[in-house]
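Chains as they are written, first to last, in the working numbering: chain A, 1 to 228; chain B, 1 to 223; chain C, 1 to 227. Accompanying notes for the structure given below.
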């Protein structure tokens, strides 16, 4: 079980956010808000701006216009965010165990927490193998376990079930449920995925960097927009 | 903060120790440079001895740029840098950790190269040449700080292998000059002549390190 | 801008007339220097160029600080423009300094500390411009430029100090320097006038360069306007 986070009325406000790369529009006047204990899902085709959306929310890319504001949280304006992007963010020369130790060391959390998560999602057996020798599915598991190891208030996940087999996906979904109950805010992106949609409190359909449709309850009307 | 700095530096050192491609490569290049220059400018040993300190330090400056570039690239290759950026409380720890790791590698490289030059050129060093050890340390800090300030802000960039030396060599010119002059003075046994150069190296290290700490959070490239 | 508007450009005419005036006065009106003779006249171009080089890089430095502090793109435009215009004046200062050196010392390049420092400045800011040019993202380009603009300028005293020191090991600096108080009042007056005239030229060029940079940013911003 994941430990409960202290309730801090954490809230995210995204206002009129646009992002340009040169003259390419990646995001266009995005508005949305979310708070602790929610699961927000952005769905959209490849190139619809999902990854940029997540990086902007995580503070890894600065928007060209508009603002991302955090209120509440452990530190004002800067909650503990863990981001798992397209890339796993792993060093080929280090083992999963070493990654978890470093994450726990930097976040001042108990390193056993991350190891327990690694075990639960079926990657405990590779804890001592260099990450450079792991398969894509295993790398994804290690990256997710490390994200949990830092005791995040916000999880920002790009295609969290990508490269996972059914058993792995089931274990990860179960963890998401626990994290939400513990008060964590999860913001994820994926091309249409029924398993994620089923647990989403809010779904944003992105097309060419714009929010085409936003729905606040699971599987309500979003089927009409087939973007997957 | 200091604990975070050490943990981040150890991460870089551990990765380098497992596959020591960049330190080994820089060392080999430096050694080849020494031998080849011997062939090009020799065999007059007196002349070789005169140019040896400058040559050795030029190799070390190049090593600083290439090893520093690789350390930065390892962080960016699988987007590991994004993870660091979000997980460290005081982001300046990333900057300081990188300087610490690069300093350790450059100190190793510089001592090995200087030692080889002494042997190759039949230099009979004066006993005060032991001061080359702290000299190499201060110069390594100055080089590491200068390299990390620039690589961290330039970020992932297809042209940077060419552009980093263009930007860094003139910035690091005072360090190159001071380290060469101090080395020459120490090998000749004139400690007094070397002392001002120690001061200059410390000033470079303080300038790059200090400005880097001030600007890092605002200036670091995330991609 | 039409051809007609381009011809009626008061700042341009002011700068042009001022520069032509100081050049004419410098070449034909003021007497030759008693010690150095005719070659000293090159100082009326060299000294103002060198002064503007340092002024330009100081502006880049100050604007870079402002950008990092306030994320003000106008400051970044000023930093980039000033460095680019400054680079031209730096090159002029080095070439004229070298010509003066050939006539005075008999060699084109004597590793004189001031010229060497200026030459290093030239490569530092050439690197600054190249690195900016290699970064596509507007925000990242500004950030990288700001850090290098700050570090590069703060490094100038150390560069100068190291070169002076290094040079003094071989030969004491006994050369008659430009700007020594030995030159008489008329020469000094002309020197000050030339500094003023070249400063006007610099301000004019800087302003034109800024307009270009502003137009680029506006083109990008225009995309963001709600249609």
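Cβ coordinates follow ideal geometry from the N, Cα and C atoms, glycine included.
Next on the checklist: Residues in the same chain with beta-carbon distance under 7 Å from residue 65 of chain B, minus the five sequence neighbours each way, listed in chain order, please.
Outcome noted: 147, 164, 165 and 168
Checklist entry - Using the C-alpha atoms, what's the distance from residue 94 of chain B back to residue 70 of chain B? => result 16 Å
Checklist entry - With distances taken between CB atoms, is the gap from residue 96 of chain A to residue 126 of chain A smaller than 9 Å? => result yes
Next on the checklist: For chain C, check one thing: does any of its Cβ atoms lie closer than 9 Å to the Cβ of residue 105 of chain B?
Outcome noted: no
Checklist entry - Do we get a CB-CB distance below 9 Å when we pair residue 25 of chain A with the residues of chain C? => result yes
Next on the checklist: At 4 residues or longer, what runs of the alpha helix (DSSP H) sit wholly inside the region 78-152 of chain C?
Outcome noted: 113-134
Checklist entry - How about the region 125-143 of chain B and the region 15-35 of chain C: do they share at least three Cβ pairs that are nearer than 8 Å? => result no
Next on the checklist: Could you give the first and the last residue of the continuous alpha helix (DSSP H) run that contains residue 202 of chain A?
Outcome noted: Careful: residue 202 of chain A lies outside any alpha helix (DSSP H), inside the beta strand (DSSP E) at 202-207.
Next on the checklist: Which residues of the region 11-35 of chain A have a Cβ closer than 8 Å to any Cβ of chain C? Give them in chain order.
Outcome noted: 18, 20, 21, 22, 23, 25 and 29
Next on the checklist: Between residue 194 of chain B and chain C, is the shortest Cβ-Cβ distance under 9 Å, so that the two count as touching?
Outcome noted: no
Checklist entry - What do you reckon, are the CB atoms on residue 205 of chain B and residue 97 of chain B nearer than 9 Å? => result no
Item to check | Neighbourhood of residue 142 of chain C by C-beta, 7 Å cutoff - its chain only, sequence neighbours within 5 removed | outcome: 67, 73 and 76
Checklist entry - Any chance the region 201-218 of chain B sits against the region 138-153 of chain C, with 3 or more Cβ pairs inside 8 Å? => result yes
Checklist entry - What separation, rounded to the nearest whole angstrom, lies between the Cα atoms of residue 84 of chain B and residue 89 of chain A? => result 9 Å
Checklist entry - Could you check where the beta strand (DSSP E) with residue 33 of chain A kicks off and where it finishes? => result 24-35
Item to check | Residue burial classification, residue 22 of chain A (beta-carbon count within 10 angstroms, cutoff 16) | outcome: exposed
Next on the checklist: Can you pull the chain A neighbours of residue 15 of chain B, defined as C-beta to C-beta under 9 Å?
Outcome noted: 91, 92, 93 and 94
Item to check | Nearest-angstrom Cα separation, counted from residue 30 of chain C out to residue 150 of chain B | outcome: 48 Å
Checklist entry - Using the beta-carbon of each residue, which ones in chain B are nearer than 7 Å to residue 150 of chain A? => result 87
Next on the checklist: Assuming the contact rule is C-beta atoms closer than 8 Å, residue 69 of chain A and residue 153 of chain A should be a hit. Round their C-beta distance to whole Å, please.
Outcome noted: Residue 69 of chain A to residue 153 of chain A, Cβ: 15 Å. No contact.
Checklist entry - I think residue 200 of chain B touches residue 178 of chain B, with their Cβ atoms under 8 Å apart; what is that distance to the nearest whole Å? => result 4 Å
Checklist entry - Nearest-angstrom Cα distance between residue 11 of chain A and residue 148 of chain A? => result 20 Å
Item to check | Spatial distance of residue 84 of chain A from residue 79 of chain B (CA atoms) | outcome: 9 Å
Checklist entry - Between the Cα of residue 38 of chain B and the Cα atoms of B:51, B:26 and B:29, which residue gives the shortest distance? => result B:51
Checklist entry - Comparing the C-beta of residue 51 of chain A with each C-beta of chain C, is any distance below 9 Å? => result no
Item to check | Stretch pair the region 35-52 of chain A + the region 207-214 of chain A: three plus CB contacts closer than 8 Å | outcome: yes
Item to check | Contact residues within the region 17-34 of chain C, judged by C-beta distance below 9 Å to chain A | outcome: none
Checklist entry - Using the C-alpha atoms, what's the distance from residue 36 of chain A back to residue 106 of chain A? => result 23 Å
Checklist entry - Exposed or buried, what is residue 154 of chain B when buried is set at 16 or more other beta-carbons lying within 10 Å of its beta-carbon? => result buried
Checklist entry - Which residues in chain B sit within 7 Å of residue 73 of chain C, going by Cβ to Cβ distance? => result Per Cβ cutoff of 7 Å: no residues; residue 73 of chain C is ~14 Å from chain B at best.
Checklist entry - With a cut-off of 8 Å, do at least 3 Cβ pairs link the region 112-129 of chain A to the region 11-23 of chain B? => result no
Item to check | Residue of C:202, C:158, C:194 and C:140 minimising C-alpha distance to residue 222 of chain B | outcome: C:140
Checklist entry - What first and last residue would you give for the alpha helix (DSSP H) that runs through residue 114 of chain B? => result 92-120
Checklist entry - Does the region 4-20 of chain A come close enough to the region 156-172 of chain A to have 3 or more Cβ pairs within less than 8 Å? => result no
Checklist entry - For the 8 Å Cβ check, are there 3 or more pairs between the region 211-223 of chain C and the region 90-102 of chain C? => result no
Checklist entry - Any C-beta of chain C sitting closer than 9 Å to the C-beta of residue 64 of chain A? => result yes
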